[in-house]
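These notes are about the structure you will find just below.
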C-alpha cells in the first residue's frame with residue numbers, strides 16, 4: 005500500500021476496522037529497545053501520512069489510533085517492530101481496555117521521578 009526506503013505499509017489481515025494498516029521498518033527490530041532512531045522516525049512519519057490519507061480518502065475516518073504493542077506484556081505477538089494505524093469513527097464501538105484503567109493520581113510524582121532518572125542515564 006505504501007513503501008519508501010525505510011518502511012513498508014500494508015493492510016492488516018485481521019483488521020480492527022476498515023483501513024487498519026501496519027507500518028513496518030525494513031530493518032529488523034524485535035521491539036522499540038533495539039529500533040534505531042531514524043527507523044523509529046520513519047515509522048511514525050509514515051503512520052502520520054497514512055492517518056491523514058485515511059481521513060481524506062473515501063474511508064472517511066473521524067480519527068486514528070497509532071498503536072505499538074512492545075513486549076509480551078503489551079500483547080506483542082509478532083516480534084518485528086510495527087505500528088498499527090487504526091481508523092476510527094465517531095460512535096464506533098472499538099475500545100482499548102478502557103474498563104481496565106485505574107487512576108492513581110497519588111503516584112504521578114514518583115512515576116515522573118523514576119522515569120526522569122532513567123532518561124538521564126540513557127545511552
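Residue numbers (this note's numbering): 5 to 127. Virtual Cβ for every residue (Gly too), placed ideally from N, Cα, C.
Three-state secondary structure assigned by DSSP to residue i
i: residue 112; result: helix
i: residue 119; result: helix
i: residue 171; result: With the chain covering 5 to 127 only, the question about residue 171 has no answer from this structure.
i: residue 35; result: coil
i: residue 76; result: helix
i: residue 48; result: helix
Beta-bridge partners of residue i, as assigned by DSSP
i: residue 106; result: Paired residues: none, contrary to the question.
i: residue 87; result: 27
i: residue 13; result: 6 and 27
i: residue 92; result: 67
Euclidean distance between Cα positions of residue i and residue j
i: residue 125; j: residue 116; result: 15 Å
i: residue 113; j: residue 123; result: 15 Å
i: residue 88; j: residue 120; result: 28 Å
i: residue 55; j: residue 111; result: 33 Å
i: residue 67; j: residue 36; result: 25 Å
i: residue 41; j: residue 53; result: 18 Å
i: residue 32; j: residue 84; result: 6 Å
i: residue 81; j: residue 27; result: 15 Å
i: residue 44; j: residue 38; result: 10 Å
i: residue 106; j: residue 99; result: 15 Å
i: residue 109; j: residue 118; result: 15 Å
i: residue 73; j: residue 95; result: 24 Å
i: residue 19; j: residue 34; result: 22 Å
i: residue 92; j: residue 69; result: 7 Å
Q) Any chance the region 46-54 sits against the region 10-18, with 3 or more Cβ pairs inside 8 Å? A) Three or more beta-carbon pairs separated by less than 8 Å link the region 46-54 to the region 10-18, which places the two stretches in contact.
Does the region 54-73 come close enough to the region 23-40 that 3 or more CB-CB pairs lie under 8 Å? Note that the region 23-40 touches the region 54-73; at least 3 beta-carbon pairs, one per stretch, sit closer than 8 Å.
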